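>
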Amino acid sequence: MGSIAVAAESRITQGAFEFVAKRYPLGRAPPAGPGATGTDACSRSWHSGTLAFPLRYPREEELNDEKRMAMREIDYFGDDGTRLFAAGCGSGPVVVLLHGGGPDHHSLLPMAKRLADRFTVVVPDVRGYGRSVCRDPALHTWSRYADDVIALLDHLGAPEAVVGGTGLGGTIALRTGLAFPARVRAVVVISAEDIEDDEAKLAETALMDRFAERVRAEGIEAAWELFLPHLQPLIGNLVRSAIPRADPGSVAAAAAIGCDRSFRTLDELGALEVPVLIVPGADDRHPAAVAERMSAAIPKATLARNVSFDVLRTADDLADAVVPEILQFLDN
């Protein structure tokens, strides 16, 4: 008979979250069981040492206003072993908000804090951005991004969540809702990305390849000059503020998402079973017309018509404009 890994347990806290820490002998995999699922980092064979299993969410009465608004750091793993990062605040039902391509989770902190009095809001760094370093282009696909959302929910012990995002993050939210309908209560898409036909997709792939080459040769800031003149001022400001926190190798690798198709046609979105809020964008990469067509294709879609991206400049502006729409949508 083979030997069995024995775990010593102790309880730890991270902010207002409580965890049980289990120490396994080096080289031994934690056994599968109630505390671990196939997509939970704690159950995978490459791990040994101390692992933290979430026990429960903080109860409302345990959180004073200061604790509720404080951001808590969350380290977790994708199901391929990539170490990923998120931050969270608040209490209540879980809302995951994903940033767009270029910024990082900092772009959504004002939005998270405005929602934190009613929800547990978690803002990840999508792999390849911010502190979620991932320098392998092969590990940047839409399916992988959706899997990362589920890995985060598993890490938190959350059976379901509202999943939303801006730009790229909104596309990830849609993909997650389609692939994992039992885990997604609703979807929020802010500044919906364009869905290219075959010819446009070839051009997009070539552009993203040029972007990656320029990142490697000249740096992130120089590479973004390919895009920034064509984007809303808000997006440009959020991108520029994130550059000092970005890892160049990861940014170059993340450009490989240009080779993958998010959707071939809008008709695919007709399979979404959950309510979807769509906030139209205002530039060539996030055209308002796509949001209109997307709304028509999704059975339970709500189109927000009161947000004007042309006048937004900062992450606080974005939160002020969008949070009322999100709250109204979730209340309904």
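Under the numbering used here, the first residue of the sequence shown is numbered 934, with each subsequent residue one higher. Glycine included, each C-beta is placed from N, C-alpha and C at the ideal position. Because the structure is a prediction, the values reported are computed rather than measured.
1) What are the boundary residues of the alpha helix (DSSP H) that includes V1223?
2) Please check the pair G1023 and D1058, which I expect to be a contact at CB under 8 Å, by giving their CB distance rounded to whole angstroms.
3) Return helix, strand or coil for D1264, following the three-state DSSP convention.
4) Please report the straight-line C-alpha distance between V1209 and L1199, rounded to a whole angstrom.
5) Only counting the same chain, and skipping five residues up and downstream in sequence, which positions put a Cβ closer than 6 Å to that of E1258?
6) For G1023, which beta-bridge partners are listed by DSSP?
7) Beta-carbon within less than 6 Å of A1112's beta-carbon, same chain only, minus the 5 sequence neighbours each way: which residues are those?
8) Could you give the first and the last residue of the continuous alpha helix (DSSP H) run that contains G1169?
9) What are the boundary residues of the beta strand (DSSP E) that F1010 is part of?
10) Taking only three categories from DSSP, how would you classify R1147?
11) Looking at G1214: is its Cβ nearer than 8 Å to the Cβ of A1136?
12) Figure out for me which residue from I1168, E1201, A1187 and V1256 has the closest Cα to the Cα of V1244.
13) Beta carbon of R1194, beta carbon of K1134: below 8 Å?
14) Pull up the distance between the alpha-carbon of A1094 and that of R1108, whole angstroms please.
In short:
1) Position 290 of the sequence shown, counted from the start, is the residue given in the question as residue 1223. Taken as a continuous stretch (DSSP letters only), the alpha helix (DSSP H) holding V1223 covers A1221 to A1230.
2) Working through the sequence shown from its first residue, we reach residue 1023 at position 90. Working through the sequence shown from its first residue, we reach residue 1058 at position 125. In fact, because the Cβ distance is near 18 Å, the residues do not count as touching under 8 Å.
3) For the purposes of this step, residue 1264 is identified with residue 331 of the sequence shown, where counting begins at 1. Helix at D1264.
4) On the sequence shown, residue 1209 is found 276 positions in, with the first residue counted as 1. On the sequence shown, residue 1199 is found 266 positions in, with the first residue counted as 1. For the pair V1209 and L1199, the Cα-to-Cα distance works out to about 14 Å.
5) Position 325 of the sequence shown, counted from the start, is the residue given in the question as residue 1258. The answer, listed in chain order, is A1237.
6) Residue 1023 sits at position 90 when you count from the first residue of the sequence shown. In the DSSP output, where bridge partners are listed per residue, G1023 has T1053.
7) Here the question's residue 1112 lines up with position 179 in the sequence shown. A1079, listed in sequence order.
8) If you number the sequence shown from 1, residue 1169 lands on position 236. Counting along the chain, the alpha helix (DSSP H) containing G1169 begins and ends at P1166 to A1175.
9) For the purposes of this step, residue 1010 is identified with residue 77 of the sequence shown, where counting begins at 1. R1005 to F1010 is the extent of the beta strand (DSSP E) around F1010.
10) Mapped onto the sequence shown, residue 1147 falls at position 214. Helix at R1147.
11) Against the sequence shown, residue 1214 aligns to sequence position 281. Against the sequence shown, residue 1136 aligns to sequence position 203. The answer is no: Cβ separation not under 8 Å.
12) Counted from its first residue, the sequence shown places residue 1244 at position 311. Ranking the options by Cα distance to V1244, first place goes to I1168.
13) Position 261 of the sequence shown, counted from the first residue, corresponds to residue 1194. Position 201 of the sequence shown, counted from the first residue, corresponds to residue 1134. Yes, the pair counts as a contact, with Cβ atoms nearer than the cut-off.
14) By one-based count along the sequence shown, residue 1094 stands at place 161. By one-based count along the sequence shown, residue 1108 stands at place 175. So the two alpha carbons sit approximately 14 Å from each other.
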